[in-house]
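Let me begin by presenting the structure, written as structure tokens, before commenting on it.
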Amino acid sequence: MLLLQMQVLVPIFLLLLPLLFFVFLNSNSKCKSKVPKSYPLVGSSFAIFSYRKRLHPWLSDILQDSPSATIVLRRSYAAYQVFSGNPAVVQHILKTNFPNYGKGDIACRALTDFLGHGIFNVDGESWKFQRQVSSHEFNTKSLRKFVETVVDTELSDRLNPILSSAAKHGTVLDFQDILQRFAFDNICKIAFGFDPAYLSPSLPQAKLALAFEDGVSRYSSERFDALLPVIWKIKKLLNIDSEKRLRIAVSEIREFAMNIINEKKQELYEKRKNWEKLNYFD
Numbered sequence: 026m027l028l029l030q031m032q033v034l035v036p037i038f039l040l041l042l043p044l045l046f047f048v049f050l051n052s053n054s055k056c057k058s059k060v061p062k063s064y065p066l067v068g069s070s071f072a073i074f075s076y077r078k079r080l081h082p083w084l085s086d087i088l089q090d091s092p093s094a095t096i097v098l099r100r101s102y103a104a105y106q107v108f109s110g111n112p113a114v115v116q117h118i119l120k121t122n123f124p125n126y127g128k129g130d131i132a133c134r135a136l137t138d139f140l141g142h143g144i145f146n147v148d149g150e151s152w153k154f155q156r157q158v159s160s161h162e163f164n165t166k167s168l169r170k171f172v173e174t175v176v177d178t179e180l181s182d183r184l185n186p187i188l189s190s191a192a193k194h195g196t197v198l199d200f201q202d203i204l205q206r207f208a209f210d211n212i213c214k215i216a217f218g219f220d221p222a223y224l225s226p227s228l229p230q231a232k233l234a235l236a237f238e239d240g241v242s243r244y245s246s247e248r249f250d251a252l253l254p255v256i257w258k259i260k261k262l263l264n265i266d267s268e269k270r271l272r273i274a275v276s277e278i279r280e281f282a283m284n285i286i287n288e289k290k291q292e293l294y295e296k297r298k299n300w301e302k303l304n305y306f307d
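With our numbering applied, the sequence shown corresponds to residues 26 to 307, in that order.
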């Protein structure tokens, strides 16, 4: 009986889906700054999809109209997203009661190809364990001093000269691009011991940076913008469109990471050999 009902309801829903989308777009154009309506099964996915190219400005407008600067958007099925510009709410979620706000299966599945099962993509005991391990490293004085040195060097040798030159010659800069380059250089030097020189005066294109920015960040985010999660899963299965580009980008990042690891292993091996030689002759 249940199977028969599903066979009848699914075609009806698929026929009504374009109509619901059309109705939403018309109603959405009249009240752009208000929280969008939530529809059965798909929630507010139509709104999120229609504003996917300017999602952050659209959400900012809605938050500004919200008395609490916090809204909840319902996605497809039983998934919900909370957006907040209220510092007290952000502190409550990310600090005071962080264990109560897991990332959830939907977010974890969407980011697994890129983040795997690392600290940024797990909940519960796995997160606690990884946090305990990493906290010991980040609390060491030597690491904090190293981070300070790296950031200071990037500021004085690259960021400040570029900004000073632009001010002197009246050059227009894409400040978001400049800050992304600044952050990318720092992260690579701190995490990998590798300097991509992405913030050099010529502002070069770097294969690894493009893999992070255009590949992983953009195409992983597109999974959240899909009307239904099954859409990106089908693309992944068929290895087409954004999923194909995501796979290539992730492959490039993993290849880079493995090269760095192998180089560090070789360096340690050479140091150990030299140390054993010196001790042997002593």
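Where is the CB? At the ideal position from N, CA and C, for every residue including glycine.
| field | Span separating the alpha-carbon of R279 from that of I212 | value | 16 Å
| said: Can you tell me which residues form a DSSP beta bridge with L98? | reply: Q106
| request: Look at the Cβ atom of L119, then the Cβ atom of Q106, and state whether they are nearer than 8 Å. | output: no
| task | Answer with buried or exposed for L224, where buried requires no fewer than 16 other C-beta atoms within 10 angstroms of its C-beta. | result | buried
| message | Here's the rule: buried if 16 or more other CB atoms are within 10 angstroms of the residue's CB, otherwise exposed. What is P124? | response | exposed
| query | Taking buried to mean at least 16 other C-beta atoms within 10 Å of its own C-beta, is G68 buried or exposed? | reply | buried
| query | So, are the CB atoms of L233 and E277 less than 8 Å apart? | reply | yes
| task | Using a Cβ cut-off of 8 Å (strictly closer), state whether R183 contacts chain B. | result | Absence of chain B from the displayed structure is noted, only one protein chain being present.
| said: By alpha-carbon positions, which one of I131, E295, G127 ends up nearest to Y102? | reply: I131
| field | Other residues of its chain near R79: CB distance less than 8 Å, five sequence neighbours each side excluded | value | none
| task | Give a yes or no on contact between the region 282-289 and the region 200-220, applying the rule of three or more CB pairs nearer than 8 Å. | result | yes
| query | For the putative contact between V175 and K128, defined by C-beta atoms under 8 Å, what is the C-beta separation to the nearest angstrom? | reply | Not really, about 29 Å apart at Cβ, beyond 8 Å.
| said: Excluding the 5 residues flanking L136 on each side, which residues of the same chain have their C-beta closer than 7 Å to its C-beta? | reply: N146, S245
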